[in-house]
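Here the structure is laid out as structure tokens; the discussion comes afterwards.
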Amino acid sequence: MNDRRGNGVGGLRAGSLGTFDSVVMAVAGCGPAYTVIALIPALVAAVGFAAPAVLLYCAVPMVGIALAFRHLGRLDVNSGATYSWVARSLHPFLGFLSGWAVVVSTTLFVIGSTTPAGRATLSLFDEGLAEDDVLATAAGLGCFLLMAALVASGARIAARARAVAVGIQLALLLAVAVTALTQDAHAAAFSFSWFGFGHFDTAHTFTAGALIASALYWGWDVTANLSEETRSGRGGSGLGGLIGLLVVVATLLTLTVSANVLLGPEAVTATDGGFLHQLGEAAWPGAGGTLLVLAVPLSMIATLETTLLQATRTLFAMGRDRTLPSFLGRIHRRWQTPVAATLAVVAAAVAALTLIALTGSGLEVLGDALTGIGLLIAFYYALAGISVAVAFRSVLLASPANLVLLGLWPLAGAAFNIWVLAASIPTLTGAALAIGLGGLALGLVPLAFAAFGGGRPYFRPSPLGPQNLEASDTPLVDAAAAAGPAGGRRDGLLSDF
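The sequence shown begins at 6 in this note's numbering and counts up by one.
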């Protein structure tokens, strides 16, 4: 398998994104406003005042996975990310299943989030319209198709709009947090004990909270799949993902603290989907609720876009290696984007949503899909954490920093995700388990065809290790940078740190 270095090899448009754009992508991928309204009430219901502690302690191993992505990305710039890294450091079969897990989880997320995105958008105009499932699905599908058109047109096309959307989200969420800590009237006084273990008991266990928190931190790794299109992709995309994850951690922590202060756990869990509105009203009576709810559709639409990018780039890498049908590796000659992979994901999403609408299976199936993908996420995150330690095994003892940053911390992240995967299974419904584990098992079919149907180079990979980094002793130069100002700096967003 060839080493894809983001310099135009494989046909994607190099230099479309800078490190700043990667940070924006990582934050948008986590969708802080969307995850807050969807999961923070569930987290508070599970652990009460201990929600900040769960978020903090679960962030530590997740940062270990972000470090793994950063260092693996320095060795191998590939739009398939874990699909390539795991194959070259552990085994091609595990690499394929890792890539398959990304494709299935992202596609299911797109399908499961389209209707909620439509509902959130319609609620800005009329709450009654938002209650109509068919209308909400149609509105969400319209937003999704618009995002698909932008994705097909190029990763840079919507850079400014994406930055504005993410900026509005963070500004609104953090403004509420600051207001909560400066107001005189509180539901509860701030306490550092919220970051300790004193609030955990038999009714509020760390395990219950960790299963939810792990889902809150998914999505930042989209930057790895865009490494071939990122200027200085050998370092920029991984750095952007790490910084973006830290921004999301800080945002979720401060917002959860503000929810404890302004509302208290009982009020947070009793809002019945109106958590952000009530929080905004408590911070800024009159208009605060409306302003804060505005962040939700912005977050959901941006998250749909980044998730679609992750799915299409992984499919493109698999098609390029012919481990999936080779037409998925085709690119648009002008836009230099994986248009065939984009159309494949769009077709799957439209077909699934149409089938659900016609059969009347309702939102229960979509809810099970969103729950089941947690198993797939934990699977490929764990493999990434193990892969970096294996890839850098020859230099782990060269320094204490190497041992921690390349070995112990990523391995702790891998162990955490393995534990999350094992602990999740008893808590999920049969449908969610069938979707999660069944979706992963389904990958064995194309894997068998690819492995035994023609001797693909993917199954004879070159080893991944520090020698790959040493072989590239100069920064990667992309075609856009070589072309001068016309290559992509005019929008002012393509800046590196």
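Glycine is no exception: its CB is placed at the ideal position from the N, C-alpha and C atoms.
If you're wondering where the values come from, they're calculated on a predicted model, not measured in any experiment.
Helix or strand or just coil, what does DSSP make of residue i?
i: T434; result: coil
i: L22; result: strand
i: T328; result: coil
i: L17; result: coil
i: T207; result: coil
i: T342; result: coil
i: R494; result: Caution is warranted here: a pLDDT of 37 is assigned to R494, below 50, making its placement in the model unreliable, and the coordinate value is therefore given only provisionally. Coil, per DSSP.
i: Y88; result: helix
i: H96; result: coil
i: I336; result: coil
i: N83; result: coil
i: A272; result: helix
i: S467; result: coil
i: W199; result: helix
i: A193; result: coil
i: W225; result: coil
i: A292; result: coil
i: Q188; result: coil
Where residue i and residue j are concerned, what is the direct C-alpha to C-alpha distance, given to the nearest angstrom?
i: G441; j: G377; result: 4 Å
i: G435; j: L380; result: 13 Å
i: W225; j: V425; result: 18 Å
i: L410; j: L80; result: 15 Å
i: L140; j: L134; result: 7 Å
i: E286; j: L44; result: 19 Å
i: V400; j: L469; result: 13 Å
i: N83; j: S158; result: 20 Å
i: G390; j: F101; result: 16 Å
i: T266; j: A185; result: According to the sequence displayed, residue 266 carries Val and not Thr. Approximately 6 Å between the Cα atoms of the pair.
i: F421; j: R338; result: 43 Å
i: A403; j: V344; result: 44 Å
i: L333; j: A346; result: 5 Å
i: R325; j: L433; result: 35 Å
i: T479; j: S94; result: Because T479 sits at a pLDDT of 40, beneath the cut-off of 50, its placement in the model cannot be relied upon, and the following sentence gives the value as read from the coordinates. C-alpha separation (whole angstroms): 23 Å.
i: V1; j: L150; result: Nothing about residue 1 can be reported from this structure: the residues present for the chain run from 6 to 502 only.
i: L175; j: L297; result: 10 Å
i: T24; j: R318; result: 18 Å
Take residue i as the anchor and find which of the options has the nearest alpha-carbon.
i: A374; options: F384, T112, N83, W199; result: T112
i: V109; options: T359, P462, A349; result: A349
i: D511; options: R124, R75, L178, G172; result: Beyond the ends of the chain as shown, which are 6 and 502, falls residue 511; an answer cannot be given.
i: A154; options: I361, L313, A215; result: L313
i: L17; options: A446, V156, T24; result: V156
i: A33; options: T256, T87, W414; result: T256
i: I423; options: A383, V395, P415, G412; result: A383
i: E233; options: Q283, T142, S89; result: S89
i: F74; options: I248, A352, T311, V450; result: I248
i: L413; options: P471, V393, Q341; result: V393
i: A166; options: V351, L177, M152, F205; result: M152
i: V395; options: V254, P121, G294, P471; result: P471
i: P40; options: L360, W340, L281; result: It is Thr, not Pro, that sits at residue 40 in the sequence shown. For T40, the nearest C-alpha among the options comes from L281.
Assuming residue i contacts residue j under a Cβ cut-off of 8 Å, what Cβ separation, rounded to an integer in Å, is found between them?
i: M323; j: G36; result: Contact doesn't hold; Cβ gap of about 25 Å is too wide.
i: F200; j: A31; result: Actually they do not touch by this definition, with Cβ atoms about 24 Å apart.
i: H191; j: V52; result: Incorrect: roughly 20 Å between the Cβ atoms, too far for contact.
i: L309; j: V115; result: 6 Å
Between residue i and the ligand MN, is the CB less than 6 Å from at least one heavy atom?
i: S263; result: Annotation note on the ligand MN: not contained in the displayed structure, which lists no ligands.
*Which parts of the stretch 229-267 are runs of the alpha helix (DSSP H), unbroken and 4 residues or longer, counting only runs that do not cross its ends?*
241-267
*asked:* Quick check on the DSSP output: what are the complete alpha helix (DSSP H) runs of length 4 or more inside the stretch 103-183, in order along the chain?
replied: For the stretch 103-183, whole alpha helix (DSSP H) runs of length 4 or above, ordered along the chain, are 132-135, 138-158.
*asked:* What ranges does the beta strand (DSSP E) occupy inside the stretch 358-416, keeping only unbroken runs of at least 3 residues that lie completely in it?
replied: none
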